[in-house]
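Trainee: Have a look at this one before I ask anything.
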Amino acid sequence: MSSSGEAYQKAREQGRPALVGYLPVGHPSVDDSLAAMRALTEGTTGTGVDLVEIGLPYSDPMMDGTVIQHATTRALELGVRTRDALRAAETVAATGTHCVVMTYWNLIEHYGVDAFARDLAAAGGSGIITPDLTPDEADEWFEASDEHGLDRIFLVAPSSTDERLARTVHASRGWVYATSVMGVTGARAHTSTAAPELVARVKAADPGIPVGVGLGVSDGDQAAELGAFADGVIVGSALVRALVEADESGAGAAAGIERMRGIVDDLVDGVRRARPVRQAQ
């Protein structure tokens, strides 16, 4: 089993969905973002997310909503580099929590596909989420990920045709990222009604592969709602917003991280009540 797949399997054995938390490296500074990722794995009780998604800031994102764009733009202005994602992977791996990198493909090509795969594996990373790379154009990534034992997490969406969805699912390793809404990231008042059908379509293509659902989850109640049918609940903007608001208000990174720990606690509680055990009659 792949290492990021182990995070899903461990959660499944506990009768719940996995909790996946996204933070970009470099905001409000590289060192503060590493501290935030450590906090993501702990919450306030010592229990945090099951898998950390490390965002690599990019100048022209197609998937990121306003909150994440704000944070990644600021990180780029402060000089974050691709190699900082490797520092982040080392930091998270040292906590004992698995991590993957979410990145636009240009950055990996610029670094060198095999070189990045080699260095990410050496840093303790489990794989890469590639929102703008389709399996049809991923021959070099297939070769590098096989060589270095990394997961390939491709994305499916409600608009994916059955043929495209099946092809993407079969090309993925570890798990599949299902975008529950059409559009960009960002906390929403209600979870997507399209998500259950999308998860069912992925399961029809491959019943064994875990499905993580992202885009729109902001609190524990929504995590519980989504986790009733998905293998994993992915949360980003709600966590990033805590850091952005603390930075903009002048409260400082420590205050933002503390606020974020409370959000993690709420999400951890949410995935643990997603599938209540039915009492025997």
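Residue numbers (this note's numbering): 20 to 300. Every residue gets a Cβ at the ideal spot worked out from N, C-alpha and C, and that includes glycine.
Can you tell me whether E25 is helix, strand or coil according to DSSP?
Mentor: As a working note, residue 25 is residue 6 in the sequence shown. Looking at E25 - three-state DSSP - the assignment turns out to be helix.
Trainee: Going by C-alpha to C-alpha distance, which of Y130, D103, E25, G146 sits closest to E166?
Mentor: Against the sequence shown, residue 166 aligns to sequence position 147. Out of Y130, D103, E25, G146, G146 has the C-alpha closest to the C-alpha of E166.
Trainee: Can you give me the start and stop residues for the beta strand (DSSP E) that V195 sits inside?
Mentor: If you number the sequence shown from 1, residue 195 lands on position 176. Residues 195 to 198.
Trainee: Can you say whether Q33 is buried or exposed, counting buried as having 16 or more other CB atoms within 10 angstroms of its CB?
Mentor: Translated into positions along the sequence shown, residue 33 becomes position 14. Burial call: exposed.
Trainee: In angstroms with no decimal places, state the Cα-to-Cα distance between M56 and H89.
Mentor: In the sequence shown, residue 56 corresponds to position 37, counting from 1. In the sequence shown, residue 89 corresponds to position 70, counting from 1. Going by the C-alpha atoms only, they are around 18 Å apart.
Trainee: Under three-state DSSP, which class holds R35?
Mentor: On the sequence shown, position 16 is the one that residue 35 refers to. In this structure, R35 counts as coil in the three-state DSSP scheme.
Trainee: Using DSSP bridges, identify the partner residues of P43.
Mentor: To locate residue 43, count along the sequence shown from 1; it is residue 24. In DSSP, P43 forms a bridge with G74.
Trainee: Does the pairing of the region 131 to 149 with the region 104 to 114 give three or more beta-carbon distances under 8 Å?
Mentor: As far as the Cβ criterion goes, the region 131 to 149 touches the region 104 to 114, which means the pair count is three or higher.
Trainee: Pick from V232, R171, S23: whose alpha carbon is nearest that of I253?
Mentor: Position 234 of the sequence shown, counting from 1, holds the residue named residue 253. Residue V232 is the option with its Cα nearest to I253.
Trainee: Any idea which residues DSSP pairs L174 with across the strands?
Mentor: Indexing the sequence shown from 1 puts residue 174 at position 155. Paired residue(s): Y196.
Trainee: Using only alpha-carbon positions, find the residue among L174, F135, G84 that is nearest to D103.
Mentor: One-based indexing of the sequence shown puts residue 103 at position 84. Out of L174, F135, G84, F135 has the C-alpha closest to the C-alpha of D103.
Trainee: With a threshold of 7 Å on Cβ separation, who are the neighbours of T66 within its own chain once the five nearest residues in sequence on each side are excluded?
Mentor: Numbered from 1 along the sequence shown, position 47 holds the residue referred to as residue 66. Closer than 7 Å at the Cβ level, and outside the excluded window around T66, lie V287.
Trainee: Which of the three DSSP states, helix, strand or coil, is assigned to I282?
Mentor: To locate residue 282, count along the sequence shown from 1; it is residue 263. DSSP places I282 in helix when its eight states are reduced to three.
Trainee: Specify the secondary structure class of I127 as computed by DSSP and reduced to three states.
Mentor: For the purposes of this step, residue 127 is taken as residue 108 along the sequence shown, with counting starting at 1. Three-state result, I127: helix.
Trainee: Answer yes or no: do R294 and A247 have a C-beta to C-beta separation smaller than 8 Å?
Mentor: Counted from its first residue, the sequence shown places residue 294 at position 275. Counted from its first residue, the sequence shown places residue 247 at position 228. Yes.
Trainee: Which full runs of the beta strand (DSSP E) of 3+ residues lie inside the region 138 to 174, going along the chain?
Mentor: Counting only runs of 3 or more, we get 146 to 148, 170 to 172.
Trainee: Check the C-beta distance from Y123 over to D151 and give it rounded, since I have them as a contact under 8 Å.
Mentor: Locating residue 123 in the sequence shown gives position 104, where the first residue counts as 1. Locating residue 151 in the sequence shown gives position 132, where the first residue counts as 1. At roughly 5 Å, the Cβ-Cβ gap stays under 8 Å, so Y123 and D151 are in contact.
Trainee: Touching or not, the region 266 to 274 and the region 236 to 247, by the rule of three or more beta carbon pairs under 8 Å?
Mentor: With a cut-off of 8 Å, the region 236 to 247 and the region 266 to 274 do not count as touching, because too few Cβ pairs lie within range.
Trainee: Whose CA, out of I87, P229, T64, lies closest to the CA of L75?
Mentor: Your numbering for residue 75 matches position 56 in the sequence shown. Of the listed residues, the one whose Cα sits closest to L75 is I87.
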